[in-house]
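Data block below; observations after.
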Amino acid sequence: MIALRRRCWCAWLIAGILGTLTVSSASSGDVDRQFELSLSGQFFPNIKSSSADVRQQFLTGLEAEFTSDFDSDHLIGTLLPYGRIASSGGEMNHADIRELNLLYAADDWEAIAGISRVFWGVTESGHLVDIINQTDRLEGFDGEDKLGQPMVRASRLLDQDVLDLYVLPGFRERAFLPSDQPLALPFPIEEDK
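Numbers given in this note's numbering equal positions in the sequence shown, counted from 1, plus 189.
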């Protein structure tokens with residue numbers, strides 16, 4: 190038990206020192222790259238379990254963003270993959286393509302096609318009308334992390350307003366935490382129906 194606490198405190202110390210690492214670079218060919226490495230740990234001292242994987246886990250995530258304008262004044266391509274590895278393994282490991290799209294922008298309109306995320310809502314804290322993307326429940330329960338959604342979007346600037354039209358050809362089903370995890374929902378989820 191003392192060794193477990195010592196490992197947990199060491200992991201928290203390392204995560205606190207490193208925090209979140211963000212590196213940006215531009216290379217030849219006008220491809221901008223940005224990487225974000227995140228380290229986190231969870232410890233649940235009140236859970237009565239003999240399994241150390243349930244009482245504690247450490248997570249390492251990597252998000253990379255690649256953008257290019259293809260030497261064009263109107264076209265931008267974006268690729269944003271994400272992956273996370275958990276010390277408990279299994280269903281806690283997670284990978285997703287958050288964005289993979291082409292954006293064409295002109296004077297007062299733009300169009301985007303591919304996988305994308307849309308953030309909008311009445312309040313920043315609530316996202317009350319955020320209905321386009323599924324919430325990624327494997328990443329957290331705060332509703333801030335979204336799955337990429339296949340879409341075609343056309344936007345037109347009208348004086349001080351913006352008109353957005355969406356075509357959503359598919360639906361992303363979200364995954365939930367396994368029932369043996371401490372932050373799982375308190376009721377079973379039937380995913381096969």
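Glycine is no exception: its CB is placed at the ideal position from the N, C-alpha and C atoms.
How about residue i and residue j: are their beta carbons less than 8 angstroms apart?
i: R363; j: D325; result: yes
i: L354; j: A343; result: yes
i: G272; j: G303; result: no
i: G337; j: I286; result: yes
Helix, strand or coil for residue i? Go by DSSP, reduced to three states.
i: G230; result: strand
i: R194; result: The predicted model places R194 with a pLDDT of 49, which falls under 50 and marks its position as unreliable, so this point remains unresolved.
i: G279; result: helix
i: Q338; result: strand
i: P375; result: coil
Just how far apart, CA to CA, sit residue i and residue j?
i: A275; j: A373; result: 15 angstroms
i: F383; j: V220; result: With the chain covering 190 to 382 only, the question about residue 383 has no answer from this structure.
i: L347; j: D297; result: 8 angstroms
i: R222; j: I321; result: 27 angstroms
i: S278; j: Q245; result: Here the sequence assigns Gly to residue 278, which means Ser is not the residue at that position. One C-alpha to the other measures close to 12 angstroms.
i: A300; j: A284; result: 27 angstroms
i: F224; j: L268; result: 12 angstroms
i: P339; j: A294; result: 19 angstroms
i: Q231; j: P377; result: 23 angstroms
i: D260; j: F233; result: 51 angstroms
i: G359; j: D350; result: 28 angstroms
Output yes if chain D places a C-beta closer than 8 angstroms to the C-beta of residue i; else output no.
i: A253; result: Looking for chain D here will not work: only one protein chain is present.
The beta strand (DSSP E) that contains residue i, what's its start and end?
i: F179; result: This structure leaves residue 179 out entirely; the chain is present only between 190 and 382.
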